[in-house]
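Contents: one structure, followed by commentary.
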Amino acid sequence: MSAARRRSGAARRGRDRRAEVVLPAPGRERLTGDRPSAAVVGGGIAGLAAATALAERGVRVTLYEREETLGGRVRGWRTRLADGSEATMSRGFHAFFRQYYNLRGLLRRTDPGLDRLVPLPDYPLRHRRGLTDGFARVPRTPPWSALGFAALSPTFGWRDLAGMAPRAALPLFDVRVPEVYERFDGVSATDFLERIRFPEAARHLAFEVFSRSFFADPRHLSAAELMLMFHVYFLGSSEGLLFDVPGEPYPQALWEPLGGYLEGLGVDVRAGTPVRGVRPDGDDLVVGTDGGSDRHRAVVLALDPGGLRALVAASPGLGGAAWRDDVASLRDAPPFLVSRLWLDRPVRRDRPGFLGTSGYGGLDNVSVLERWEGEAARWAARTGGSVVELHAYAVDPGAEPKEVQDRLVDRLHEVYPETRDARAVDARHEWRADCPMFPVGTHHRRPAVRTAHPRVVTAGDAVRCDLPVALMERAATTGFLAANALLADWGVRGQVLWTVPRAGRTAALRALAALAGAD
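Those letters in the sequence shown? Residues 1 to 519, per full-length UniProt numbering, in order.
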């Protein structure tokens with residue numbers, strides 16, 4: 001596959017024929033002669049996307065990343081276990097959905113066939129009461145996906161369906177951006193679901209899964225974000241709810257190859273280099289680090305909310321008062337915990353690679369890593385054990401960490417009883433609180449890709465975007481959009497993007513949703 005074909009976006013390989021193309025501003029193919037330089041601050045998905053698009057078109061790029069490894073919140077790092085073996089630890093499981101067209105396009109730079117991603121056969125969801133849902137047999141194309149899920153799910157009975165409020169649910173069938181924020185950003189996800197009167201068990205299994213993907217309590221999450229998630233994954237796309245995962249740890253499978261690709265394009269990759277401030281100086285922007293300062297013509301701020309707040313606070317000459325206030329208002333989601341256990345005996349062979357859970361006292365999911373990850377599989381084969389990962393989202397900030405960690409392990413024993421007698425050869429517990437929070441009524445204050453400064457742009461999953469994208473795909477998409485904004489100003493054609501349909505798929509349902517909105 002040629003580099004030009006990769007850059008054009010023609011390599012999209014989704015199955016949804018209604019996926020939409022988003023063309024960049026017209027311009028020449030690449031920069032020549034006296035080429036401008038750009039600083040990309042942040043080596044996560046957004047920063048890697050921005051650096052890729054800029055460097056492929058001839059911009060001289062310096063990528064600054066405070067950690068020693070690339071990948072941001074999807075990074076990994078080497079560690080040594082108590083048994084002496086080396087392993088790669090990370091911040092936990094991430095699902096690479098087939099709707100992530102732009103993220104997958106980024107990964108195709110070094111893996112054209114996405115051979116380093118492994119499909120998981122199902123996405124089972126289990127409630128403590130014994131009910132289990134899955135998505136392997138659910139039709140992919142809306143509205144049959146919604147009808148099929150209801151028909152196949154044990155959480156929906158005829159009495160439950162008769163008690164629902166279908167008129168209140170109609171807006172889900174025609175989600176548009178930014179209109180969904182204008183109508184529903186002032187409502188919480190919990191209040192919206194209560195209006196629809198979904199069965200309680202179905203709400204836990206099918207819908208809180210979406211809100212907890214934001215590491216958030218649904219009582220405090222904007223309903224607009226929840227509705228967008230429904231559209232992206234369920235009601236607006238026919239890619240389905242199944243997903244892929246990397247077949248090796250994140251650094252080896254994804255970020256080390258991409259870092260090498262960027263260096264091959266001439267990018268100066270500076271891992272382990274935090275940026276301390278950005279200062280406008282004439283036509284340039286001065287980027288300060290512990291080792292000195294560099295001058296650039298443009299800067300991409302591709303940081304998590306806390307990193308962006310801190311950098312803007314340390315850069316008093318950057319941006320106007322309103323923009324700075326909006327950045328300062330960004331909030332982090334509550335803490336979350338990732339516990340990884342290297343057990344001395346296996347979990348049962350029929351256990352799924354990934355299981356979503358509800359009603360288990362804070363345990364949100366369980367992963368059995370050797371089901372798909374080569375490194376974990378090799379350790380399990382050598383020792384006869386298993387590598388199990390537990391997640392707890394939206395943990396009470398006042399909770400005692402050791403108690404939460406112990407409770408998750410107790411819940412694992414309840415979900416998979418064969419682990420009760422297992423000994424942990426090693427255990428790692430990663431606590432973080434750096435994911436974006438989308439509280440009710442705050443969408444208008446999120447920073448957009450463009451800022452008041454013509455050559456300062458922002459990117460990341462906390463950045464406002466007028467396309468139906470979320471999570472890792474929002475990070476990749478805004479990274480490309482940030483690069484496109486700068487390239488357009490330099491007369492260069494940027495990255496072609498793809499998105500799930502930007503409106504409901506069915507004309508009749510769109511019309512009904514419009515009537516419901518007119519009331």
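Every residue gets a Cβ at the ideal spot worked out from N, C-alpha and C, and that includes glycine.
Local Cβ density within 10 Å of residue i, reported as buried at 16 or more and exposed below that
i: Glu182; result: exposed
i: Ala514; result: exposed
i: Gly307; result: buried
i: Val299; result: buried
i: Thr79; result: exposed
i: Val21; result: exposed
i: Gly398; result: exposed
i: Arg15; result: exposed
i: Ala507; result: exposed
i: residue 526; result: In the structure displayed, the chain extends from 1 to 519; residue 526 sits before or after that span and is not available.
i: Gly68; result: Per the sequence shown, the amino acid found at residue 68 is Glu instead of Gly. So Glu68 counts as exposed.
i: Arg450; result: exposed
i: Pro316; result: exposed
i: Pro218; result: buried
Test item: CB-CB of residue i and residue j under 9 Å
i: Ala475; j: Asp344; result: no
i: Val387; j: Leu369; result: yes
i: Gly58; j: Ala459; result: no
i: Trp431; j: Pro401; result: yes
i: Val74; j: Leu301; result: no
i: Ala482; j: Val500; result: no
i: Trp342; j: Asp83; result: yes
i: Leu70; j: Pro251; result: yes
i: Asp364; j: Thr357; result: yes
i: Gly494; j: Ala25; result: yes
i: Val278; j: Gly288; result: yes
i: Ala333; j: Cys435; result: yes
i: Ser90; j: Arg297; result: no
i: Leu31; j: Val492; result: yes
i: Leu117; j: Val245; result: yes
i: Asp191; j: Ala223; result: yes
i: Arg505; j: Leu170; result: no
Bridge partners - residue i, DSSP secondary structure assignment
i: Asp332; result: Pro436
i: His127; result: Ser358
i: Pro119; result: Asp244
i: Leu341; result: Val388 and Ala427
i: Met89; result: Trp77
i: Arg28; result: Val492
i: Phe97; result: Phe243
i: Ser222; result: Ser188
Cβ-heavy atom distance, residue i to the ligand FMN, below 8 Å
i: Val387; result: In the structure on display, the ligand FMN does not appear, and there are no ligands present to speak of.
Secondary structure of residue i, DSSP reduced to three states
i: Phe198; result: coil
i: Arg510; result: helix
i: Pro316; result: coil
i: Leu23; result: coil
i: Thr110; result: coil
i: Val457; result: strand
i: Trp323; result: helix
i: Thr477; result: helix
i: Thr499; result: strand
i: Leu467; result: coil
i: Arg450; result: strand
i: residue 520; result: Because residue 520 is not part of the residues shown, which for the chain are 1 to 519, the question remains open.
i: Pro346; result: coil
i: Val177; result: coil
i: Ala482; result: helix
i: Arg5; result: Annotation note: pLDDT 39 at Arg5 (below 50); position unreliable, no value reported.
i: Ala216; result: coil
i: Met472; result: helix
i: Arg12; result: Any reading at Arg12 needs caution, since the residue's pLDDT is 44, under 50, leaving its predicted position unreliable; the model's value is listed next. Coil at Arg12, not helix or strand.
i: Ala168; result: helix
i: Arg18; result: coil
i: Arg351; result: coil
i: Gly105; result: helix
Within-9 Å CB hit, residue i to chain B
i: Ala399; result: Looking at the structure shown, chain B is missing, and only one protein chain is on hand.
(request) Kindly provide the ranges of any alpha helix (DSSP H) runs that are 4 or more residues long and lie completely inside the stretch 233 to 312, ordered along the chain. (result) 256 to 264
(request) Go through the stretch 355 to 435 residue by residue and report every complete run of the alpha helix (DSSP H) that reaches 4 residues or more, in order. (result) 374 to 383 and 401 to 415
(request) Identify every run of the alpha helix (DSSP H) within the stretch 33 to 87, keeping only runs that are complete inside it and at least 4 residues long; order them along the chain. (result) 45 to 56
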